[in-house]
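Colleague: Here you go, one structure.
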Amino acid sequence: MIIRRISHYISNYENIMPLFAGACAFLILIGILLLPIQYNPVQLYPKTIDRNSSLDPYDRGGPPFTQVEIGAQYPENSPTAGLVTTYLTPFSLFLSQVTLHLGTTIVAHPGGIIDEILYNTRGLDTVVEPTILFIAFAIASYLYRKG
Amino acid sequence: MTNLAGVPYYILEFGDELVYFTPYTITLFLLALTFTIFVLISMPERQVDIAFGGDAYTTKVISVSEMRFRRFMAIACGLASMGAMVTGDIFNFTLFTAMVGITNVGIVAAVKSPHVQNAAYQYGLVALSATVPLFGGAAIYAAATGSLSMIELAKGALPAVPFVAKAFLVLGVIGEGMAPFYAAKAEMFRAPGAPYVIMCSLSSLLIFLRVIEVVMLG
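Same order as they appear, the protein sequences are chains F and P. Residues 26 to 172 in our numbering are what the first sequence spells out, letter by letter. Residues 108 to 325 in our numbering are what the second sequence spells out, letter by letter.
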């Protein structure tokens, strides 16, 4: 009987969203009750924070074209990781030298350690992420044109 | 490596992200691959509506542009399912799962039926909000264990994965695949054009089977 009632309730697809929201709220409540979650200090891709650097937090320090340790999971799979750590264009270099914060904004795009992680050690993620974005664009543009 | 659903036959390395083929993952992968090939080579069905009490019937015709778009989405969904089946990285798995969710919406979004589109809209809202527990779960995995590699988690040397991280991951997959809530999908299945709509169901079944293995790690 109870199964019949439940299945009757969820057979209306407009009830699915409130049901899912309720499940999320319930689980978040359980998550709060189970706090604290122990943080593991040994993390992949560690970085140092230097608030006085104009390239913070992307500045890994050191001269260019010397390989640095970036703390990958499988360093043997990424033999060239840590070589390209910063590639400032002349404009980015100018911005990073005259201001404290503009050197790391989208107008400057400093690259560096973040790109090392994205393109060298976690390249598959970088491929899948824009794929999701392009599929979303494809759906939106199809619906718009069909409109 | 005991609870990885078998010893991997082959490990493909993408930097820190490993793709591994165990007896379990390769079975799911082949299932997704086979169905994707079916989608690739088959033509859509033509739904027939019969009016009761008379001998009138109508055949729904799918336009070529609609068929092409839905086939494209179904193939993308198959590829995302294949990726989710064999990836050995938690974050990568969540990305592929999110891709399955959005392609599922895309498969039926092209259908010119208000009822189907309404169901797809509701499902899209769930898939959208499911990304929060999905990626939140992956983030807790990374924070608590310091690793995202399933192979490292399976070794048992890392700290235990918190229960809430696993629960978030499962809830995210439920939202993306609507695994036990097929009511909305049943409404979406009124859309003409098997086998494309069947890909919605198959992909969510596959990602649900895979997440069972994922939460058993660590």
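Ideal placement from N, C-alpha and C gives every residue a C-beta, glycine not left out.
Taking F203(P) as the query, report the chain F residues whose CB atoms sit under 8 Å from its CB, ordered along the chain.
Modeller: Taking the second sequence and counting its residues from 1, the one referred to as residue 203(P) is at position 96. Ordered by position in chain F, the residues that pass the 8 Å Cβ test against F203(P) are V153.
Colleague: Between I281(P), S311(P) and A272(P), which lies nearest to P61(F) when the distance is taken from Cα to Cα?
Modeller: Translated into the one-based positions of the first sequence, residue 61(F) becomes position 36. The shortest Cα separation from P61(F) among I281(P), S311(P) and A272(P) belongs to A272(P).
Colleague: Mapping DSSP to helix, strand and coil, what is Y38(F)?
Modeller: As a first step, residue 38(F) is located in the first sequence; it is residue number 13 there, counting from the start. It is helical.
Colleague: Run through DSSP, which three-state label would E154(F) get?
Modeller: Here residue 154(F) corresponds to residue number 129 of the first sequence, with the count starting at 1. Reduced to three states, the DSSP call for E154(F) is helix.
Colleague: Within 8 Å (strictly less), CB to CB, does D162(P) reach chain F?
Modeller: Looking up residue 162(P) in the second sequence gives position 55. Cβ-Cβ to chain F under 8 Å: no for D162(P).
Colleague: Could you tell me if I144(P) is buried or exposed, where buried requires 16 or more neighbouring beta carbons within 10 angstroms of its beta carbon?
Modeller: Position 37 of the second sequence, counting from 1, holds the residue named residue 144(P). With fewer than 16 Cβ atoms within 10 Å of its Cβ, I144(P) is classed as exposed.
Colleague: Is there a Cβ of chain P sitting closer than 8 Å to that of L149(F), yes or no?
Modeller: Taking the first residue of the first sequence as position 1, residue 149(F) is located at position 124. With 8 Å as the cut-off, L149(F) counts as an interface residue toward chain P.
Colleague: Suppose contacts are defined by Cβ-Cβ distances below 8 Å. Is L120(F) in contact with G107(F) by that definition?
Modeller: The residue labelled residue 120(F) in the question sits at position 95 within the first sequence. The residue labelled residue 107(F) in the question sits at position 82 within the first sequence. No, these two residues do not count as a Cβ contact at 8 Å.
Colleague: Rounding to the nearest angstrom, what Cα-Cα distance links V114(P) and L138(P) in this structure?
Modeller: The residue labelled residue 114(P) in the question sits at position 7 within the second sequence. The residue labelled residue 138(P) in the question sits at position 31 within the second sequence. The straight-line gap from Cα to Cα measures roughly 19 Å.
Colleague: Using CA atoms only, rank isn't needed, just tell me which of L260(P), T166(P) and M206(P) is closest to L241(P).
Modeller: One-based indexing of the second sequence puts residue 241(P) at position 134. The residue with the shortest Cα to Cα distance from L241(P) is M206(P).
Colleague: Please go through the same chain and pick out, in chain order, the residues whose beta-carbon is closer than 8 Å to the beta-carbon of D196(P), but skip the five residues on each side of it.
Modeller: Position 89 of the second sequence holds residue 196(P). For D196(P), where only same-chain residues beyond five positions count, the Cβ hits under 8 Å are D123, E124, L125, L255, S256 and M257.
Colleague: Between A181(P) and the rest of its own chain, which residues show a CB-CB distance below 6 Å, the 5 nearest in sequence each way excluded?
Modeller: Counted from its first residue, the second sequence places residue 181(P) at position 74. Counting only Cβ-Cβ distances below 6 Å, and skipping sequence neighbours, we find V146, I214, Y303 and M306.
Colleague: Thinking just about the alpha-carbon of each residue, which of V218(P), P130(P), S308(P) and I247(P) is nearest to the one in Y167(F)?
Modeller: One-based indexing of the first sequence puts residue 167(F) at position 142. Closest option to Y167(F), Cα to Cα, is V218(P).
Colleague: Return no unless some Cβ of chain P is closer than 8 Å to the Cβ of Q98(F).
Modeller: The residue you call residue 98(F) lines up with position 73 of the first sequence. Q98(F) counts as touching chain P.
Colleague: Flag I182(P) as yes if its beta-carbon sits less than 8 Å from any beta-carbon of chain F, otherwise no.
Modeller: Position 75 of the second sequence, counted from the first residue, corresponds to residue 182(P). Not one chain F Cβ lies under 8 Å of I182(P).
Colleague: Between G243(P) and the rest of its own chain, which residues show a CB-CB distance below 7 Å, the 5 nearest in sequence each way excluded?
Modeller: The count along the second sequence starts at 1 and reaches residue 243(P) at position 136. The residues are F275.
Colleague: Check this for me: beta carbons of Q229(P) and I41(F), under 8 Å apart or not?
Modeller: Translated into the one-based positions of the second sequence, residue 229(P) becomes position 122. Translated into the one-based positions of the first sequence, residue 41(F) becomes position 16. Going by C-beta atoms, Q229(P) is nearer than 8 Å to I41(F).
Colleague: If you measure between the beta carbons of A246(P) and V268(P), is that distance less than 8 Å?
Modeller: As a first step, residue 246(P) must be located in the second sequence, where it is residue number 139. As a first step, residue 268(P) must be located in the second sequence, where it is residue number 161. Against a cut-off of 8 Å, the Cβ pair of V268(P) and A246(P) comes out as no contact.
Colleague: Output the boundary residues of the alpha helix (DSSP H) element that contains Y230(P).
Modeller: As a working note, residue 230(P) is residue 123 in the second sequence. Where Y230(P) is concerned, the enclosing alpha helix (DSSP H) stretches over P221 to T252.
Colleague: Does the stretch 127-134 of chain P come into contact with the stretch 184-202 of chain P, if we say contact requires no fewer than three beta-carbon pairs (one atom in each stretch) closer than 8 Å?
Modeller: Yes, since at least three Cβ pairs between the stretch 127-134 of chain P and the stretch 184-202 of chain P fall closer than 8 Å, the two stretches touch.
Colleague: So with Cβ pairs under 8 Å, would you call S103(F) a contact of chain P?
Modeller: Residue mapping note: residue 103(F) aligns to position 78 of the first sequence, counting from 1. Interface residue, yes.
Colleague: State the Cα-Cα distance for the pair V321(P) and L260(P), rounded to the nearest angstrom.
Modeller: Residue numbering aside, residue 321(P) sits at position 214 when the second sequence is read from its first letter. Residue numbering aside, residue 260(P) sits at position 153 when the second sequence is read from its first letter. For V321(P) and L260(P), the distance between alpha carbons rounds to 10 Å.
Colleague: With C-beta atoms as the reference, is V153(F) less than 8 Å away from F128(P)?
Modeller: As a position in the first sequence, residue 153(F) is number 128, starting the count at 1. As a position in the second sequence, residue 128(P) is number 21, starting the count at 1. Not a contact, by the Cβ cut-off of 8 Å.
Colleague: Which same chain residues, not among the five before or five after N44(F), have their C-beta less than 7 Å away from its C-beta?
Modeller: As a working mapping, residue 44(F) is identified with position 19 in the first sequence. It is Leu, not Asn, that sits at residue 44(F) in the sequence shown. Only I35 meet the Cβ criterion.
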